[in-house]
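Undergrad: If you want this note's numbering, it's the 1-based position in the sequence shown plus 9. Where is the CB? At the ideal position from N, CA and C, for every residue including glycine. Take a look at this one; I'll ask things after.
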Amino acid sequence: MYQELFASFNKLNILIIGDVMMDAYLWGKVDRISPEAPVPVVSVNKKESRLGGAANVALNIKALGSKPIICSVIGDDKEGIELLNLFKESDIDAESLVKIVNRKTTVKTRVIAQNQQILRIDAETDVEINKNESNLVLNKFRLILEQQKVDAIIFQDYDKGLITPYLIDEVTKSARAKNIPIIVDPKKKNFLSYHHVDVFKPNLKELKEGLKVDFDPKNLVELKKNVASLKNTINAKSVLLTLSELGVYAVDKNEERLTPAHIRTIADVSGAGDTVISVVAACIAAGTDIFVAAKLGNLAGGLVCEKVGVVPIDKDLLLQEAIKSEII
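Now the structure itself:
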């Protein structure tokens, strides 16, 4: 079953609608404190730029063997040009990116020394795109649906302004008309704007902020109550709640399961959520239920946490670990 499922990923086209960004890295070492202020001085020996945010989801989808189709906005700036070049280098089609004048392309710069992140600098805007700009994105989206087979749609929301209630409603209507499953990785601003989706995948912090509640996730009664409340509020087919070291909790119409996390040596949690949503979307598009998707996504998220920086999943390693763990 493992090999057949993973082989089926190669036939999938998965559309990602979300905030793309560039992850920049300054790698170096610290061997002294600045005489100007009580801060470490990093001697930089390597600089690197990678695809980040929804673009990292596209990388993960590609790493799984599926074809990623990315739909987003970038700024009309040099960072936007660099981001387009990164898409080209990664052999990911960026035709459906809309360039917006006077908008800043999001760049997150991480300073890493001795294999540990010591600082992050964000250059970005989170202003919502206006209706005209949304319609430019929707035109690209509708063209994709006309010209290509789409097996699943991922909303990858980072609250950077691309995704609005208007955009969500229009995309959801078109997807439901074509029976395309929708998988959502939400953020705070639009948390309750996603209705009738197939999989809604918040983490614990997002769930608490979105529902304005606080509870101990180890209290299963409270956990189940709040997830049920969320599921009913947005009429989702299934909810997949990621709980970091506690694992994942999945619920659909008839069943619920808590899957413990796999014990890992954590080097960096950056990008783990991108990997989880990618694996879950591929599984759902391939026809598995939410519980198989949750187990594989949970396993994949743990694997990428062993790497420093935002990196996509290794498909062969994931398959080996899935067989070893007997999770399906």
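On a CA-only basis, which of V208, P195, V206 and H205 is nearest K217? Give me that one, please.
TA: When only C-alpha atoms are compared, the closest one is P195.
Undergrad: Return no unless some Cβ of chain C is closer than 8 Å to the Cβ of V110.
TA: In the structure shown, chain C cannot be found, because there is only a single protein chain.
Undergrad: Do H170 and V136 have their CB atoms nearer than 8 Å?
TA: Before going on, a small fix: residue 170 reads as Gly here, not His. A contact, by the Cβ cut-off of 8 Å.
Undergrad: Leaving aside the five residues before and after R41 along the sequence, list all residues of the same chain whose C-beta is less than 7 Å from its C-beta, in chain order.
TA: Correct list, in chain order: V50.
Undergrad: On a CA-only basis, which of Y258, D225 and S143 is nearest S105? Give me that one, please.
TA: Comparing Cα positions, the closest option is S143.
Undergrad: Tell me the rounded alpha-carbon separation between E335 and L326.
TA: Roughly 14 Å separates the two Cα atoms.
Undergrad: Here's a check: name, in chain order, each residue in its chain whose Cβ is nearer than 6 Å to the Cβ of I162, leaving out the five neighbours to either side.
TA: Excluding sequence neighbours, I162 sits near L24, A184, I189 and I191.
Undergrad: Pull up the CB-CB distance for P321 and T284, whole angstroms please, since I reckon it's below 8 Å.
TA: Contact holds; Cβ gap of about 7 Å.
Undergrad: List the whole-angstrom C-beta distance separating I332 from Y11, where the pair is believed to meet the contact cut-off of C-beta under 8 Å.
TA: Right, the Cβ-Cβ distance comes to about 5 Å (below 8 Å), so this counts as a contact.
Undergrad: Starting from R112, trace the beta strand (DSSP E) both ways and give me its first and last residue.
TA: Careful: R112 lies outside any beta strand (DSSP E) and carries neither H nor E.
Undergrad: What three-state label does DSSP hand M10 in the structure shown?
TA: Note: M10 maps to coil in three-state DSSP.
Undergrad: Quick one: grab the DSSP three-state call for A259.
TA: Reduced to three states, the DSSP call for A259 is strand.
Undergrad: Give the range of the alpha helix (DSSP H) segment to which T242 is assigned.
TA: Counting along the chain, the alpha helix (DSSP H) containing T242 begins and ends at L229 to I243.
Undergrad: Within its chain, find whatever has a CB closer than 6 Å to the CB of L288; leave out the 5 residues flanking it on each side and keep chain order.
TA: Note that residue 288 is Val in the sequence shown, not Leu. Hits under 6 Å: L305, G306 and A309.
Undergrad: G84 and I101 - do their beta-carbons sit closer together than 8 Å?
TA: Result no, Cβ atoms of I101 and G84 do not sit closer than 8 Å.
Undergrad: Only counting the same chain, and skipping five residues up and downstream in sequence, which positions put a Cβ closer than 8 Å to that of D223?
TA: Taken in chain order, the residues that qualify are K217.
Undergrad: Scan the segment 35-78 and note each continuous beta strand (DSSP E) run of 3 residues or more that stays entirely inside, going in chain order.
TA: As far as the segment 35-78 is concerned, its whole beta strand (DSSP E) runs of at least 3 residues are 49-62.
Undergrad: Run the CB neighbour count on Q329, radius 10 Å, all protein chains shown included, and call it buried at 16 or more, exposed below.
TA: Q329 comes out exposed.
Undergrad: Contact defined as beta carbons within less than 8 Å: I believe V270 pairs with G282. What is the distance between those atoms, to the nearest angstrom?
TA: The question names Val, but residue 270 in the sequence shown is Ala. With a Cβ gap of about 14 Å, A270 and G282 do not count as contacting.
Undergrad: Sort N235, L229 and A245 by Cα distance to S202 and report the nearest one.
TA: Nearest C-alpha to S202: A245.
Undergrad: Taking a contact to mean a Cβ-Cβ separation below 8 Å, would you say L68 touches S99 in this structure?
TA: In this structure, S99 lies closer than 8 Å to L68 by Cβ.
Undergrad: To the nearest angstrom, how far is it from the Cα of L267 to the Cα of L229?
TA: For L267 and L229, the distance between alpha carbons rounds to 9 Å.
Undergrad: Taking 6 Å as the limit between beta carbons, can you name the residues of its chain near A64, skipping five residues before and five after?
TA: Closer than 6 Å at the Cβ level, and outside the excluded window around A64, lie V29.
Undergrad: Rank F150, N235, P174 and E254 by C-alpha distance to the C-alpha of G219 and give the top, closest one.
TA: The option with the nearest alpha carbon to G219 is N235.
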